[in-house]
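Numbering (this note's numbering), first residue to last: 416 to 875. A quick write-up on the structure given underneath.
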Amino acid sequence: MTKRVEPCSLIIDTDSPNTRMLQSLMQERGLNPIVCHDLASARAVLQEQADNVAVAFITLDLPDGAGLDLLGDVGAFSDDTEIALMHTEDDPLRAAQGIAQKASYFFCKPLDEVFIAELLDDIKQDLSMQGMEQEETLSCAVDQFGLLRGNSAPMRKLYRIIRKVAATDATVLLVGESGTGKELAAQTLHQMSGLKGPFVAMNCGAISAELAESELFGHEKGSFSGAHKQHAGYFERAEGGTLLLDEIGEMSMDMQVKLLRVLETRKYRRVGGTQDQEMNVRFVSATNREPEVAIHEGLLREDLYFRIAQFVLKIPPLRARGSDIMGLAQHLLNELNEVHGTAKCFSASSQNAIVEYPWPGNVRELKSAVERAYIMAEQQLESEHFPDGQIDLGEPENYLSVSVGETLEHTEKKQIIATLDAMDGDKKAAADSLGISLKTLYNRLNEYESPDGPAPGEQE
């Protein structure tokens, strides 16, 4: 067995008292602190140790630049590194910028020593569990945290942040590809919060702009044609609990303005009503797009983003979760065996194929694949029981050829059209597979209908 390298930690700061405090806490937990006083020395350390840094505390202002510059360096930190930003005062803009990249925390100095000690204890514990996990890469046991399952480092990092944030009233934005389990994460956050009210979810992309206001705010009897009785909106239904606004980027700009006002005043008024209603609701939002991209494309207001994203929780894609892939597949198969009183199992070849496949549709795709294979198999689930192109990695038709120098726009167009063809024209399935919203897919297809290009679904 390969000897595991001991993890280290990184402190990038010129503040001597703060540095000594962090150094002491890290040494007590065996996190081997390395102290840097500028960007240049930090970059030199990261060039050698990037994959080994478990946690990094970075001050915003350094003698040779901004601490945020490190977050923009490609490959500077591994995805597993916990990053905390520090500053002498509150800096909402740079805090949001850092958290939108790779940072998990923004701390104002002087740091809360007790909280930092607890955070480092959590990180040390996760590293110990991760080491145990590496000893058996195809482990079929997965832990459960709320409604989420998984033992991988990215999931344990998510669990830790959910546990810290749940007890607060901070607004949370969940960012992740389609099928990663954003709604399960929101429900887990609600469970951990201790709120007595219900968990209510609203899919912003499934409600037309004309009905959105009535659905959110509710309406009074007779307020418009067809309003035969008073209607309780999502705000009212979630009173005392948590409201998930799923696919927030699909909400119209007009409604985003109204939502921002509700978030700021904690009051709303039913359509056709004359009295403001007080509101006690925890807001959680979700999107399968990077927020910066959605803001740039005019799908999400920047001021609303800052209001709904006091904490940004990134849900890892299945392909980044290591042994969780086979563990989840086995869990799904165990559930099917229990329901139907069977004892079906995976063959060795199907296990290897499942682990190797990138699962662009994430856990949702894995669940569907296991269910289909279960139906097809007599006793043992084999590779051939999975759909062509899902497990068989050797078929060339499952890949898209892209020429060097081809524009990003043209590459995107080829990918969308090829995926739509592969899904037999099913736009919802194509959007899920591509990790984009249905609205975005329709927008792209409308662009491709111009005289300069082929119609959607046609080969170029």
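Glycine included, C-beta positions come from ideal geometry on N, C-alpha and C.
Compare the Cα-Cα distances from GLN462 to each of VAL727, MET436, ALA788 and PHE492 and report the closest residue.
Out of VAL727, MET436, ALA788 and PHE492, PHE492 has the C-alpha closest to the C-alpha of GLN462.
Could you tell me the distance, in whole angstroms, from the CA atom of THR583 to the CA atom of LEU860?
Going by the C-alpha atoms only, they are around 42 angstroms apart.
Report yes if the C-beta distance between THR730 and VAL590 is below 8 angstroms; otherwise report no.
Note that residue 730 is Ile in the sequence shown, not Thr. Yes, the Cβ-Cβ distance between ILE730 and VAL590 is below 8 angstroms.
Assign ALA701 to one of three DSSP states: helix, strand, or coil.
ALA701: strand per DSSP, three-state reduction.
Could you spell out where the beta strand (DSSP E) holding PHE472 opens and where it closes?
That run of the beta strand (DSSP E) goes 468-474.
Residues bridged to LYS729 [DSSP beta-bridge criterion]
The partner list for LYS729 (beta bridge, DSSP) reads VAL590.
Contiguous alpha helix (DSSP H) assignments of at least 4 residues, all confined to the region 506-531:
Taking only runs of at least 4 residues, the alpha helix (DSSP H) segments lying wholly in the region 506-531 are 507-516.
Quick one: using the 10 Å Cβ neighbour count with 16 as the cut-off for buried, is HIS755 buried or exposed?
Its Cβ having fewer than 16 others within 10 Å, HIS755 is exposed.
Could you check how far apart the C-beta atoms of CYS523 and ASN467 are, in whole angstroms? I think they sit under 8 angstroms.
The pair is not a contact, with the Cβ atoms about 28 angstroms apart (cut-off 8 angstroms).
Once DSSP output is grouped into helix, strand and coil, what is the label at SER424?
For SER424, the secondary structure class from DSSP, reduced to helix, strand or coil, is strand.
Quick check on the burial criterion: 16 or more other C-beta atoms within 10 angstroms. Buried or exposed for HIS711?
Per the 10 Å Cβ criterion, exposed.
Could you give the distance in angstroms between the alpha-carbon of PHE650 and the alpha-carbon of LYS828?
So the two alpha carbons sit approximately 39 angstroms from each other.
Helix, strand or coil: how does DSSP classify LEU500 here?
LEU500: strand per DSSP, three-state reduction.
Limits of the unbroken alpha helix (DSSP H) element including THR595
Looking at the DSSP string, THR595 is not in any alpha helix (DSSP H), and its letter there is neither H nor E.
Should ASP536 be labelled buried (16 or more other beta-carbon atoms within 10 Å of its own) or exposed?
Burial call: exposed.
Where does GLY620 fall in DSSP's three states?
Note: GLY620 maps to helix in three-state DSSP.
Would you mind giving the Cβ-Cβ distance between THR503 and ALA471, rounded to the nearest angstrom? I have them listed as a contact below 8 angstroms.
Going by Cβ atoms, the distance from THR503 to ALA471 rounds to 18 angstroms, so no, they are not a contact pair.
Would PRO613 pass as a contact of ALA653 if the rule is Cβ separation under 8 angstroms?
Against a cut-off of 8 angstroms, the Cβ pair of ALA653 and PRO613 comes out as a contact.
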